[in-house]
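Trainee: Before anything else, here's the structure in question.
Chains as they are written, first to last, in my numbering: chain H, 26 to 411; chain G, 58 to 353.
As structure tokens, then:
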């Protein structure tokens, strides 16, 4: 570009600079996504819906939707950019197992050990995954994509990211956002289904207080749990192995520092990185598609199916249980692994019908079993579809 | 105690070494395979000297890189160290699930990928480990004599051999379109019912095993094993004391127990005495004489 005068030079370069700005590259899609990001941040801060996740994801959406001039190694999909390096952990499935390590170090499996039959509720709630899988197939998604979408029904963000990174990397942003959004909306989605499927008598069933669990049992649980589940589904090893390893760190009592790191700084760092990068991966150019809308619809369906199957399974189980041993079906919803939100929903709905019937401890059993169940289901999906 | 610790650490060391040894073999040279050979090369792949020479493709079936440097290629099992692949050359590092082609033209002076024997004069080709003794893979060439048609594994690393439709030096032997696991599963189960049935059965089986395990662990745990063992021990002791103890021994034990109980203070009394501590005034601790006081 030849310049006849200094003023021309300045004007040309200002124009060139303007072409690099987000104002010049902005599309309506970017504005829509920025609005979505702002809604996420609002829900997290004002309504306290999963703030630990929605704040990083919401801000990540803002970061990912600043429209930039391509080729400057800025965007998350541009190799060599800082965001791209951070996104590597999502793409290669590095972050989810680390989050599972922290979850394992945080989780107390006592409720499950004291009443092992609650484990089965965690299995029943996984119907949501396969219901969504079948629906996605019917809507024309490929089997691998359907598998990745179905896992939203497991109500487990890290698992959804892990599976979609392997089966359908293109859909990962939509799947992750959908999974986390519905996890945040568990208190809204689940109660009407729980009330619809139960009668008054069932809602006030009092369950036996859980027995005290010894330290030895707590130590045996992660070891036996890992061996039993991973022998059946070795493909679930990255998630299940880390989950049970984290729990052993906690329960062994001799690795307090490691457990503290896993459930503290480590999970915090990984949550920040996964939240921000997943949010940033929702660039309007790749995210705003008809497929994303369908994924959101399927996500909602999978949560409904999961909750329904959990509650109905408890009712089915009660047919075979003696009076006094019966399970309150209001804890059936907590088989979806949104820990501890779905257990909290059981508690809140239970208290609506009996102010003295506290279901939280009982609901934690299927809740943590749901984490194991969804990781096992994810392993099966990988085994068949990867 | 020290002896026991030493024995334990020696045992551990042995186990670790064994694991390392097994691991090294499992993920290194043992994962290399002779994958494809061409004996009669008339108009096929051209080497770096523009010649149509016989070639051998080595495939690394491992999921980690394997260095083939130091290993031996030969056409005579009686002479396993016929050609040692040079060490330290970047070319000899085969990436995971990747290939390296050697020219078996008898001109080893042409570079490290040119062997000192000619495949046209060979009945077999074999790959030996760096020790020159362990046979990793061998292929007999009796049937591999078609002009410009390669003889290879029907899919990379598999055990089935045959003449390949296309010669694929440094590439996948299976040239048919790849159907992904997901697609083939979807073909057989277009509605997803099969997946639901299989996967839910597996999820239930896995968690039911956990349920069964912990249901019974709880039962086992409810049994007071320590008391049972203690009771047995006491019974055994009773039998021995009745049989063997004399009156003098009993007296000595009784005296020892008496001394133990009265003098050892197994349980200290737990009276806590709190005495009032009088704090007398001292100019050394007085704030009036503090060095930080400002003069006003």
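Here a beta-carbon is modelled for each residue, glycine too, at the ideal position from N, C-alpha and C. Quick caveat: nothing in here was measured; it's all calculated off a predicted structure.
Considering only the beta carbon of each residue, do residue 215/G and residue 93/G sit closer than 9 Å?
Mentor: Here the question's residue 215/G lines up with position 158 in the second chain. Here the question's residue 93/G lines up with position 36 in the second chain. Cβ atoms of residue 215/G and residue 93/G: not closer than 9 Å.
Trainee: With C-beta atoms as the reference, is residue 337/H less than 9 Å away from residue 157/H?
Mentor: The sequence position of residue 337/H within the first chain is 312, counting from 1. The sequence position of residue 157/H within the first chain is 132, counting from 1. Cβ distance not < 9 Å, so residue 337/H and residue 157/H don't count as in contact.
Trainee: Should the region 125-132 of chain H be regarded as contacting the region 283-302 of chain H, the criterion being three or more beta carbon pairs within less than 8 Å?
Mentor: Yes, the region 125-132 of chain H is in contact with the region 283-302 of chain H.
Trainee: Kindly indicate which residue of 382/H, 335/H, 87/H and 378/H has the alpha-carbon position closest to the one of residue 305/H.
Mentor: Here residue 305/H refers to the residue found at position 280 of the first chain. If we check each option's Cα against that of residue 305/H, 87/H comes out closest.
Trainee: Name the chain B residues that come within less than 7 Å of residue 151/H, Cβ to Cβ?
Mentor: The structure shown contains no chain B; its protein chains are H and G.
Trainee: Can you give me the Cβ contacts of residue 113/H inside the same chain, cut-off strictly under 8 Å, excluding the 5 residues immediately before and after it?
Mentor: The residue you call residue 113/H lines up with position 88 of the first chain. Around residue 113/H: 119.
Trainee: Is there at least one Cβ from chain H nearer than 9 Å to residue 272/G's Cβ?
Mentor: Here the question's residue 272/G lines up with position 215 in the second chain. Chain H contact via Cβ: present.
Trainee: So with CB distances below 7 Å, who are the chain H contacts of residue 247/G?
Mentor: For the purposes of this step, residue 247/G is taken as residue 190 along the second chain, with counting starting at 1. Correct list: 162.
Trainee: Is it buried or exposed, residue 317/G, if we count other Cβ atoms within 10 angstroms and call 16 or more buried?
Mentor: For the purposes of this step, residue 317/G is taken as residue 260 along the second chain, with counting starting at 1. Under this definition residue 317/G is an exposed residue.
Trainee: Look at residue 319/H and residue 166/H and say whether their C-beta atoms are less than 9 Å apart.
Mentor: Against the first chain, residue 319/H aligns to sequence position 294. Against the first chain, residue 166/H aligns to sequence position 141. Cβ distance < 9 Å, so residue 319/H and residue 166/H count as in contact.
Trainee: Per DSSP, what kind of secondary structure is residue 88/G in: helix, strand or coil?
Mentor: Taking the second chain and counting its residues from 1, the one referred to as residue 88/G is at position 31. Three-state DSSP puts residue 88/G in a helix.
Trainee: With a CB to CB cut of under 7 Å and the five nearest residues on each side skipped, what residues in its chain are close to residue 334/H?
Mentor: By 1-based counting over the first chain, the position of residue 334/H is 309. Closer than 7 Å at Cβ, skipping near neighbours: 149, 150, 152 and 153.
Trainee: Using the beta-carbon count (16 or more within 10 Å), is residue 406/H buried or exposed?
Mentor: Residue mapping note: residue 406/H aligns to position 381 of the first chain, counting from 1. It counts as buried.
Trainee: Do residue 195/G and residue 91/G have their C-beta atoms closer together than 9 Å?
Mentor: Sequence index remark: in the second chain, residue 195/G carries index 138 (1-based). Sequence index remark: in the second chain, residue 91/G carries index 34 (1-based). In this structure, residue 91/G lies closer than 9 Å to residue 195/G by Cβ.
Trainee: At least one CB of chain G closer than 9 Å to the CB of residue 340/H: is that the case?
Mentor: For the purposes of this step, residue 340/H is taken as the residue at position 315 of the first chain. Not closer than 9 Å to any Cβ of chain G, the Cβ of residue 340/H fails to qualify, so no.
Trainee: Which residues in chain G sit within 7 Å of residue 168/H, going by Cβ to Cβ distance?
Mentor: Position 143 of the first chain, counted from the first residue, corresponds to residue 168/H. Correct list: 239, 240, 242 and 243.
Trainee: Consult DSSP for residue 91/H and reduce its assignment to one of helix, strand or coil.
Mentor: Taking the first residue of the first chain as 1, we reach residue 91/H at position 66. Coil.
Trainee: Exposed or buried, residue 204/H, counting other C-beta atoms within 10 Å across all chains shown (16 or more means buried)?
Mentor: Here residue 204/H refers to the residue found at position 179 when the first chain is read from its first residue. By the neighbour-count rule (16 or more Cβ atoms within 10 Å), residue 204/H is buried.
Trainee: Who does residue 131/G pair with in a DSSP beta bridge?
Mentor: One-based indexing of the second chain puts residue 131/G at position 74. In DSSP, residue 131/G forms a bridge with 183/G.
Trainee: Between residue 161/H and residue 185/H, how many whole angstroms is the CB-CB distance? I'm expecting something under 8 Å.
Mentor: In the first chain, counting from the first residue as 1, residue 161/H sits at position 136. In the first chain, counting from the first residue as 1, residue 185/H sits at position 160. Incorrect: roughly 13 Å between the Cβ atoms, too far for contact.
Trainee: Quickly, what does DSSP pair residue 319/G with across the bridge? List them, please.
Mentor: Here the question's residue 319/G lines up with position 262 in the second chain. Partner(s): none; residue 319/G has no beta bridge.
Trainee: Just the chain H side, please: which residues come within less than 8 Å of residue 268/G by C-beta, in chain order?
Mentor: Taking the second chain and counting its residues from 1, the one referred to as residue 268/G is at position 211. 141, 142, 144 and 145, listed in chain order.
Trainee: Nearest chain G C-beta to residue 250/H closer than 9 Å, yes or no?
Mentor: If you number the first chain from 1, residue 250/H lands on position 225. For residue 250/H, the answer is yes, since a Cβ of chain G falls inside 9 Å of its Cβ.
Trainee: Under 8 Å between beta-carbons, which chain H residues line up against residue 250/G? List them in chain order, please.
Mentor: As a first step, residue 250/G is located in the second chain; it is residue number 193 there, counting from the start. Going along chain H in sequence order, the residues near residue 250/G (Cβ under 8 Å) are 159.
Trainee: Is the closest heavy atom of the ligand ADP to the C-beta of residue 217/G under 8 Å?
Mentor: The ligand content of the structure shown is nil, which means the ligand ADP is not present either.
Trainee: If I'm right that residue 52/H touches residue 309/H with Cβ under 8 Å, what's the distance once you round it to whole angstroms?
Mentor: On the first chain, position 27 is the one that residue 52/H refers to. On the first chain, position 284 is the one that residue 309/H refers to. Going by Cβ atoms, the distance from residue 52/H to residue 309/H rounds to 6 Å, so yes, they are a contact pair.
Trainee: Answer yes or no: do residue 402/H and residue 360/H have a C-beta to C-beta separation smaller than 9 Å?
Mentor: Translated into the one-based positions of the first chain, residue 402/H becomes position 377. Translated into the one-based positions of the first chain, residue 360/H becomes position 335. Contact: no.
Trainee: May I ask you to list the residues that DSSP assigns as paired with residue 93/G?
Mentor: Walking along the second chain from the start, residue 93/G turns up at place 36. For residue 93/G, which the question treats as bridged, DSSP gives the partners 114/G and 209/G.
Trainee: In the structure shown, what three-state DSSP assignment does residue 382/H receive?
Mentor: Counting from 1 along the first chain, the entry for residue 382/H is found at position 357. Looking at residue 382/H - three-state DSSP - the assignment turns out to be coil, as it is neither helix nor strand.
Trainee: Going by beta-carbon coordinates alone, are residue 168/G and residue 129/G separated by less than 9 Å?
Mentor: Numbered from 1 along the second chain, position 111 holds the residue referred to as residue 168/G. Numbered from 1 along the second chain, position 72 holds the residue referred to as residue 129/G. Their beta carbons are not under 9 Å apart, which means residue 168/G does not touch residue 129/G by this criterion.
Trainee: Which residues mark the beginning and the end of the beta strand (DSSP E) in which residue 197/G is found?
Mentor: By one-based count along the second chain, residue 197/G stands at place 140. Element bounds for residue 197/G: 192-197.
Trainee: Out of 50/H, 57/H, 32/H and 303/H, point me to the one whose CA is closest to residue 189/H's CA.
Mentor: As a working note, residue 189/H is residue 164 in the first chain. Residue 189/H has its Cα closest to that of 303/H, out of 50/H, 57/H, 32/H and 303/H.
Trainee: With distances taken from CA atoms, which of 287/G, 135/G, 118/G and 157/G is nearest residue 104/G?
Mentor: In the second chain, the residue the question calls residue 104/G occupies position 47. Among 287/G, 135/G, 118/G and 157/G, the Cα nearest to that of residue 104/G is on 157/G.
Trainee: Taking the alpha carbon of residue 18/H as the point to measure from, which residue in 107/G, 315/G, 259/G and 272/G has its own alpha carbon closest?
Mentor: In the structure as shown, chain H starts at 26 and stops at 411, and residue 18/H therefore has no counterpart that could be examined.
Trainee: Taking residue 356/H as the reference, which of 382/H, 344/H and 345/H has the closest Cα?
Mentor: For this step, residue 356/H is matched to residue 331 along the first chain. Measuring from the Cα of residue 356/H, the nearest candidate turns out to be 382/H.
Trainee: When the cut-off is 9 Å and only beta carbons count, does residue 119/G lie next to chain H?
Mentor: If you number the second chain from 1, residue 119/G lands on position 62. Residue 119/G does not count as touching chain H.
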